[in-house]
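Trainee: I have a structure I would like to understand better, so I am pasting it below and will then ask my questions one at a time.
Here is the structure:
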């Protein structure tokens, strides 16, 4: 078996790549894009739960995340509220957030996560 | 003991997460925001020294950093001067820099660092 | 020998840093900047091949990449076409892409890659 595992691999990217106990998740955006940044964040975090489970880990083992929001003034507080509701108490990852135009204008949030496999 | 260590963990993020010999530091911004990008960078790097020390490592063991500046034209040269003064000769990490709007308009620089623990 | 290897280290950054089986490549931009995003991406990926080879690995072992494009509307499709032509079938890394102003206005694409060493 290869020392690198990939999940949902396409021509452009794999959704998840696992190597040396570390799980790299591709940038995730909401599947439904009509919601505000809070709704989109909750949708992304649901997808993230699912990818982490497929990889054999969970949200208690996140190491670091990068969060891009399309408009700080409009999106930051809504994203944070959804994020803080989801993060397990005492297990928050390192995090950095900035504003960035994303792949399409209706995308308000993108989250890139790195997690640890279970030991 | 858990295989994941966290420092200064809040509801939103941990300042530092350590796993498998790698130290993930959250995006750091200046504690005082009235300075220019050089002053803010120096302040951030002082904080980074302190977090690396708490984690049990130091600036000679940085692996990679991402630097976000609020305004390339205004901030890039000032940030670089403060950065190059701080980086240990012959031990510079990989680095990438771009312009991004940050969490508040008075933040001119944010630095995300990954380091190696001491062996 | 140190447990951290660095390639092409200057006062600001190293092009490549290797630790614990993981290869961190600095943000790469095109060496010739008169081309469109497709030409610049192809140039970057050629450089990336060369850095990965110097590190002792190759494009089949990429773990994750971040891609910054200067203008989504102008650059995204051109970058993607060059990217997908280069990515080995079935071995795509995790990936995240956003729009960001880069170090100079003629830079249309920057790619930050992380790869696994050969086992």
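Protein chains in written order, with this note's numbering: chain F, 10 to 128; chain P, 10 to 128; chain Z, 10 to 128.
Even for Gly, the Cβ is constructed at its ideal location relative to N, Cα and C.
Taking the straight line between their C-alpha atoms, what separation do you get for residue 33/F and residue 23/F?
Mentor: Mapped onto the first chain, residue 33/F falls at position 24. Mapped onto the first chain, residue 23/F falls at position 14. Looking at the two C-alpha atoms, the distance is approximately 9 Å.
Trainee: Which residues, in order along the segment 65 to 83 of chain F, keep a beta-carbon less than 7 Å from a beta-carbon of chain P?
Mentor: Those residues of the segment 65 to 83 of chain F that come within reach of chain P (Cβ to Cβ, closer than 7 Å) are 70, 72, 73, 81.
Trainee: Can you check whether the C-beta of residue 118/P is within less than 9 Å of a C-beta belonging to chain F?
Mentor: Residue numbering aside, residue 118/P sits at position 109 when the second chain is read from its first letter. Closer than 9 Å: no.
Trainee: Determine the direct distance from the alpha carbon of residue 78/Z to that of residue 87/Z, and round the result to whole angstroms.
Mentor: Against the third chain, residue 87/Z aligns to sequence position 78. Against the third chain, residue 78/Z aligns to sequence position 69. Roughly 10 Å separates the two Cα atoms.
Trainee: Alpha carbon to alpha carbon, what distance is there between residue 53/P and residue 44/P?
Mentor: The residue you call residue 44/P lines up with position 35 of the second chain. The residue you call residue 53/P lines up with position 44 of the second chain. Roughly 12 Å between the two C-alpha positions.
Trainee: With DSSP run on the structure shown, which of helix, strand or coil describes residue 57/Z?
Mentor: Position 48 of the third chain holds residue 57/Z. Of the three classes helix, strand and coil, the one that applies to residue 57/Z here is helix, per DSSP.
Trainee: Could you confirm whether any beta carbon from chain P is found closer than 9 Å to the beta carbon of residue 59/Z?
Mentor: Working through the third chain from its first residue, we reach residue 59/Z at position 50. Residue 59/Z does not count as touching chain P.
Trainee: Which runs of the alpha helix (DSSP H) spanning at least 4 residues fall entirely within the segment 10 to 54 of chain Z, listed in chain order?
Mentor: Entirely contained in the segment 10 to 54 of chain Z, not one alpha helix (DSSP H) run reaches 4 residues.
Trainee: Enumerate, from N- to C-terminal direction, the unbroken alpha helix (DSSP H) stretches of 4 or more residues contained entirely within the segment 53 to 112 of chain F.
Mentor: Complete alpha helix (DSSP H) runs here, min 4: 81 to 95.
Trainee: Sorted by chain position, which residues of the same chain lie with C-beta nearer than 7 Å to residue 71/F's C-beta, five sequence neighbours on each side aside?
Mentor: If you number the first chain from 1, residue 71/F lands on position 62. The residues are 102, 122, 124.
Trainee: As a quick exercise: from 38/P, 11/P, 42/P, 19/P, pick the residue whose alpha carbon is nearest that of residue 75/P.
Mentor: Reading the second chain from its first residue, position 66 is the one you call residue 75/P. Residue 75/P has its Cα closest to that of 38/P, out of 38/P, 11/P, 42/P, 19/P.
Trainee: Indicate whether residue 117/Z and residue 42/Z have their beta-carbon atoms separated by less than 9 Å.
Mentor: Within the third chain, residue 117/Z is the residue found at index 108, counting from 1. Within the third chain, residue 42/Z is the residue found at index 33, counting from 1. Closer than 9 Å, so yes.
Trainee: List, in chain order, every chain C residue whose beta-carbon is nearer than 7 Å to that of residue 22/P.
Mentor: Going by chain labels, chain C is absent from the structure shown, which instead holds the protein chains F, P and Z.
Trainee: Could you give the first and the last residue of the continuous beta strand (DSSP E) run that contains residue 120/P?
Mentor: Indexing the second chain from 1 puts residue 120/P at position 111. Residues 118 to 125.
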